[in-house]
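What follows is a single structure, written as structure tokens, with notes after it.
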Amino acid sequence: MARKPSDRRIIGKALRKIDAVAKVTGTTRFADDLAFPRMLYCKLLRATHPHARVVSIDASAARALDGVQAVLTGKDLPIPFGILPVSQDEHALCVDKVRFIGDPVAAVAATSEETATAALDRITVAYEPLRSFDSAEAAVANPEPRIHDYGDSGNLHKLIDLEFGDAAAGIAEGDVVREDLFFFEGNTHLPMEQHAAVAVWSPDGKLTLWSSTQTPHYVHRALAKVLELPPARVRVIATPNGGGFGGKSDPFNHEIAVAKLAMLTGRPVKITLTREEVFYCHRGRHPTLMWVRTGVKKSGAITGMHFRSLLDGGAYGSYGVASTYYTGALQTVTYNIPRYHFQGARAFTNKAPCGPKRGHGTPQPRFALEVHVDKIAEQLGLDPAELRLRTLVPPNSLTANYLRVGSMGLGRCIEKVIAGSEWKKRFRQLPEGRGVGLACSSYISGAGLPIYWNNMPHSGVQLKCDRSGGVTVFCGSTDIGQGSDSILAYIVAEILGIDPFDIAVVTADTDLTPVDLGSYSSRVTLMSGNAALQAAERARQILAVHAAKQLEVPVDRLQFADGRVFDGNDSKRGMSFADAVQAAEAAAGTVGTVGSYTPPRSAGRYRGAGVGPSPAYSYSACVAEVDVDPETGIVRVPTIWIAHDVGRSINAATVIGQVEGSIYMGLGEALMEEMAYRGNRNVVHKIPSLLEYKSPTTLEMCDVITYLVEDPDPNGPFGAKEVGQGPLLPVMPAVANAVYDAVGVRIDEVPITPEKVLKALRRKAKGEAGRVGPESFPDIPWPEPTRVPTPWEGGDGKAVEQVRA
Amino acid sequence: MLRLPSFRYLQPASLTEALRMKRDAGPDGMFVAGGTDLYPNMKRRHQEPRTVISLMGISDLRATEGRKDGTTVGSCLTLRDLSVLPAFRPYAAVATAARLVSTPLLRNMGTLGGNLCLDTRCNYYNQSYEWRKSIDFCMKKDGKICWVAPSSPRCWAVSSSDVAPVMVAIGAEYGLIGPHGERVVPAARFYNNDGINYLTKQTDEILVEVRLPASNGWDAVYHKLRRRGSFDFPVLGVAAWINWQSGAGSREPLVNDARIVLGGVASYPQEIAEAAAALRGKPLSDETIAAAAEAAYRPSKPMDNTDFDLSWRKQMTRVYVKRALEELRARHT
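Chains R and B supply the protein sequences, listed in that same order. For reference, each letter of the first sequence is one residue, going 1 to 805 in the working numbering. For reference, each letter of the second sequence is one residue, going 1001 to 1333 in the working numbering.
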């Protein structure tokens, strides 16, 4: 008998996380806390040139140093790897070329970290410098020398051109056609825990790697490939991550290096990166230049949109191809865009590689779109909230680019923040220097397709019911602090009617747990949650059958709650949960079930349709209030109101935690964070430290008023959608729009620093356009567009045949 | 992780013992107080002492003493002590500057003397050994060139102390002890405008105490510009000191004397004589304040080696000097 939502004991409640006590008492064992007898310490020698051929490496002096047990160079690990099958362009140690300052060229294992560090200075590397490129524009302008010998054109890694309907004709139908340029600066994840990994090689030829990774399954695959080991002899255990935010989603060179060193020396080998090295791992936000042109009716209805993005990818592929698609994918799921043209390019440059950071490829276009819409509203004389409400994508619909929108709570989100912030009394009515701005967003709850092609489930759960009444959940998912282990326990506890703290959760261990693809793309609650839900329902079914026999009650009348199994019509007639397990075990043997989850098939059939589809989209609306000091240009954000359509919260406290954390991270991106490089000195990262890479402290954090909008989605467990990434997206454009409301200047790029605000104010005072932002978009050799007729043009999701003149 | 290299750590109980230990250790020896500056620098191989001599066990260095003509404070008082001790109430600007240094944790360890002797900073210099190797080092450590101004014969690292500009502004004096005895120098003469030789103190001298002048007839404030409300070193500090003319009666109060000192824009706390001249003998009217702010703006020449754009930092000199003087005016009326 399924319980009504109102009868739920656990789902939606603000329960403690199952690992909370361990975290606050310091007993959680992170990767760097692990130690083994005879363990060696690894350090990596990193490139001191941004782009150079490696002529020779002499490590003899390092090998001769007392305490050094092994030194590896590129030739010891010749097989390339990379997270995407199409971008296998990394080596654990550079083989013939270095591509950014920080690229590793040698690895040392020694009996102490001090000795390993000393050994680095005894390795001589001869380089032949090559011309280096420090921006996407420089890479566009200079096809040679190529940073990689693959890619779509010169130093352009990826070129995309997708057209859904005749966008130019659509735009021309607008009463107003608006064109804008935006730039979103690169920034990094800044997890508190620096990456660490420990490898152990057993005498019987088995490798175990503990690592602070968000994706043990992909690390497993990369290790087996590069080390040429049978995958069954490789075990990867993801330790609890002290924050990830996307920065620990790639297989990393240091993980492979310690594994190889453990195999060579027969001793455990550990590496803990310095903060500076974490900046070199990066995989953060792509610096992105954007151009958008939109046609709009006087009513606010969009008639067509053309969007271009140019991403600065840094030195390697990483997730970059997906990131590039993402800069064009989700424009269509908030406001109705009947015809849409997207062109995206990703350049290789000689900087730390970019990749997925919270929001993966979508905060940049979302910033552009939301500021663009704010400008359109002003041009049309419409309140920006009203304009948005008029153009919302309806629920249960298909977009021009074939994304299937299910539940859609954005309208309610807008209404919540408009009411909460007293928008109508404040917008364009606050005194000079104070302002409010509105922005919205949407994000995926997991990607529709896996990273490598396969038709297996995206998440699997095994469940073991013990005769003690305890239950163990096994799942490959990785808790990176977001609470995914707790979510598994809550869901199983809800279904089986037991205390979540009686559930043991075993996760992220490739020997013990069924595959879950990893903690990225906001997929875990929905996907592993659905897998856990299925496994728990199957277990309840088994237990119910045998309990029903013993209690002589029809199966469908049984309830599972408060650690008991009982007759829903007569609660005294029942047994303890443990007795129910024992009854089932006695009758049918060990009680165990499995569950798995595969997302629904996506509607798009064109090349590139793999990025964007999701089982469910979350929605957020945000109003930011700012104070701008006109003498200094300094922007302060006292308050943010945010409403998030989470479908259904599994744990209200962790949902709000994710919302507040997103705002905190978003404020940093909006106001100060910047992956800055020294152009004049060798394309070196300007400020690879926690002190000088400026990220807000608690003193800069604003008050946050959060509204949860619960519009359950049929694809989510109990209706749940994502919350880990979506609420970050509207923060940056809301702040930008608020700055305009406060002092009448447009900062069309982030971060919105005091220098830029003051510059724009000066320009405005001189009678020029009060704007700071990019001035042009370079010419790019776009390919022939892939033309896909929209659903309302009778399209079936496939591209039309290319007709060449 | 970035590791501290191995070193010998000595804990003298008296100044005599400390000086002897330094003599024995020679150039490889360094004094340390709170260590919040030295130890991170040692991790990055900026300073490479083999022997580190802690001053924290010397009780003389933590004493505070009232004098007829002011107050003497020991150099090893922590910045937290300085920001809360009642003895410093008359020296609110000193307490404010101390409270604005870094974070509570570092103020619990960091000392007055440490902040006054703070190594100059530069974002070509405050980097790990490996990072500096990739720019072929700089003249402040291991290299030949100043990357901030490559044709310059000198180093342009920035004085980043919050307390030092206040000490210069209020006319404090520093008491030193060394192998050749004791000496007293005015705060302004303790600093050089050179990123490498930024102190006139010899390496074998110890900064023992700071003599604050009697707190009568003058007032001072300190304003700090930085990205965030905590952690950050100043990218601009403004210490403003005003000696009001006495017996002004009902007339608008006049400035008898003034000092404006900038931190974070040069290799030393930079006293702007022109700004003071614009104030002397005048009331603190909006016009006088604007003139002083303009006078401070012109010689303020921050370089591209800290957070923020240098031209913005220069422009902020005007705003921050103005605001500091406005605060002094408001407090006097």
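Ideal Cβ placement from N, Cα and C applies to all residues, glycine included. This one's a predicted model, so the numbers in the text were calculated from it and none came from an experiment.
message = What are the residues in the segment 733-766 of chain R lying within 7 Å of chain B by C-beta distance?
response = Pro754, Glu755, Leu758
query = So which residues on chain B does lysine 686(R) lean against when the C-beta distance must stay under 7 Å?
reply = Asn1123
task = Look at the alpha carbon of valine 553(R) and the alpha carbon of tyrosine 597(R), and state the distance between them as a whole number of angstroms.
result = 32 Å
query = Is any beta-carbon of chain B found at less than 8 Å from that of glutamate 859(R)?
reply = Residue 859(R) lies beyond the stretch modelled for chain R, which goes from 1 to 805, so this question has no answer here.
request  = Kindly indicate which three-state DSSP category glutamine 1270(B) falls into: helix, strand or coil?
outcome  = If DSSP states are grouped into helix, strand and coil, glutamine 1270(B) belongs with the strands.
request  = Using the Cα positions of alanine 805(R) and threonine 786(R), report the straight-line distance between them to the nearest angstrom.
outcome  = Confidence is the limiting factor: at alanine 805(R) the pLDDT is only 47, short of 50, which leaves the residue's position unreliable, though a coordinate-based value still follows. Computed Cα separation, rounded: 15 Å.
key: For tyrosine 443(R) and glutamate 722(R), believed in contact at Cβ under 8 Å, the rounded distance   = 6 Å
ask   = Under the three-state reduction of DSSP, which class applies to aspartate 1060(B): helix, strand or coil?
value = If DSSP states are grouped into helix, strand and coil, aspartate 1060(B) belongs with the helices.
ask   = Can you tell me whether methionine 456(R) is buried or exposed, with buried defined as 16 or more other CB within 10 angstroms of its CB?
value = exposed
message = For methionine 192(R), count the other beta carbons within 10 Å of its own beta carbon; 16 or more makes it buried, fewer makes it exposed. Which is it?
response = So methionine 192(R) ends up on the exposed side.
ask   = Since histidine 816(R) sits in a beta bridge, which residues does DSSP pair it with?
value = Nothing in the structure corresponds to residue 816(R), since chain R is present only between 1 and 805.
ask   = What are the start and end residues of each continuous alpha helix (DSSP H) run of 4 or more residues lying completely inside the segment 1076-1158 of chain B, in chain order?
value = 1079-1084, 1092-1099, 1104-1109, 1112-1116, 1129-1134
query = Is tryptophan 1131(B) close to chain R, meaning its C-beta is less than 8 Å from at least one C-beta of that chain?
reply = yes
request  = To the nearest angstrom, report how far apart valine 628(R) and methionine 1139(B) are at their CA atoms.
outcome  = 40 Å
ask   = Which two residues bound the contiguous beta strand (DSSP E) that contains serine 459(R)?
value = 459-465
inquiry  = I'd like to know if methionine 192(R) contacts chain B, where contact means its C-beta is closer than 8 Å to some C-beta of that chain.
reply    = no
query = At which residues does the beta strand (DSSP E) containing proline 1040(B) begin and terminate?
reply = According to the DSSP assignment, proline 1040(B) belongs to no beta strand (DSSP E) but to the alpha helix (DSSP H) extending over 1038-1043.
ask   = What residues of chain B sit near isoleucine 101(R), judged by a beta carbon separation below 7 Å?
value = The answer, in chain order, is Ser1134.
inquiry  = In this structure, how does DSSP classify histidine 644(R) when only helix, strand and coil are distinguished?
reply    = strand
message = I need the straight-line Cα distance from proline 1302(B) to alanine 352(R), nearest angstrom please.
response = Taking the straight line from one Cα to the other gives about 29 Å.
task = Starting from the C-beta of isoleucine 1135(B), find all residues in its chain whose C-beta is less than 7 Å away, skip the five residues before and the five after it, and write them out in chain order.
result = Tyr1124, Trp1147
ask   = Between the segment 1102-1120 of chain B and the segment 1065-1078 of chain B, are three or more C-beta pairs nearer than 8 Å?
value = yes
query = What does threonine 590(R) touch in chain B if you count any residue whose Cβ is under 7 Å from its own?
reply = In chain order: nothing, as chain B lies at least about 46 Å away.
task = Assuming asparagine 1243(B) and glycine 1217(B) form a contact by the criterion Cβ under 8 Å, report the distance between their Cβ atoms to the nearest whole angstrom.
result = 6 Å
inquiry  = Which of the three DSSP states is assigned to tyrosine 402(R) in this structure?
reply    = coil
ask   = Are the segment 393-407 of chain R and the segment 582-596 of chain R in contact at 8 Å, needing three or more beta carbon pairs?
value = These segments do not touch.
4 or more residues per run - each alpha helix (DSSP H) lying fully within the segment 575-635 of chain R = Look at the segment 575-635 of chain R and you find these whole runs of alpha helix (DSSP H), each 4 residues long or longer: 577-588.
ask   = Closer than 8 Å, Cβ to any Cβ of chain B: which residues of the segment 413-446 of chain R, in chain order?
value = Listed by position along the chain: nothing, the set is empty.
ask   = In chain order, what residues of the segment 44-59 of chain R put their CB closer than 9 Å to some CB of chain B?
value = Leu45, Arg46, Ala47, Thr48, His49, Pro50
Backbone CA spacing between glutamate 673(R) and valine 1158(B) [nearest angstrom] = Per the coordinates, the alpha-carbon of glutamate 673(R) lies some 23 Å from the alpha-carbon of valine 1158(B).
Delimiting residues of the alpha helix (DSSP H) encompassing glycine 657(R) = 652-671 is the span of the alpha helix (DSSP H), which, as asked, contains glycine 657(R).
task = Express the C-alpha separation of leucine 389(R) and asparagine 715(R) in angstroms, rounding to a whole number.
result = 25 Å
message = Does lysine 357(R) come out as helix, strand or coil in the three-state DSSP assignment?
response = The DSSP-derived three-state label of lysine 357(R) is coil.
request  = Below 9 Å between beta carbons is the criterion; list the residues of the segment 684-718 of chain R that meet it against any residue of chain B, in chain order.
outcome  = Val684, His685, Lys686, Ile687, Pro688, Ser689, Leu690, Leu691, Glu692, Lys694, Ser695, Pro696, Thr697, Thr698, Leu699, Glu700
key: Between the CA atoms of glutamate 255(R) and serine 153(R) - distance to the nearest angstrom   = 31 Å
inquiry  = With H, G and I counted as helix, E and B as strand and the rest as coil, what does DSSP make of alanine 805(R)?
reply    = Confidence at alanine 805(R) is low in this model, with a pLDDT of 47, below 50, so its placement is unreliable and no value can be given for it.
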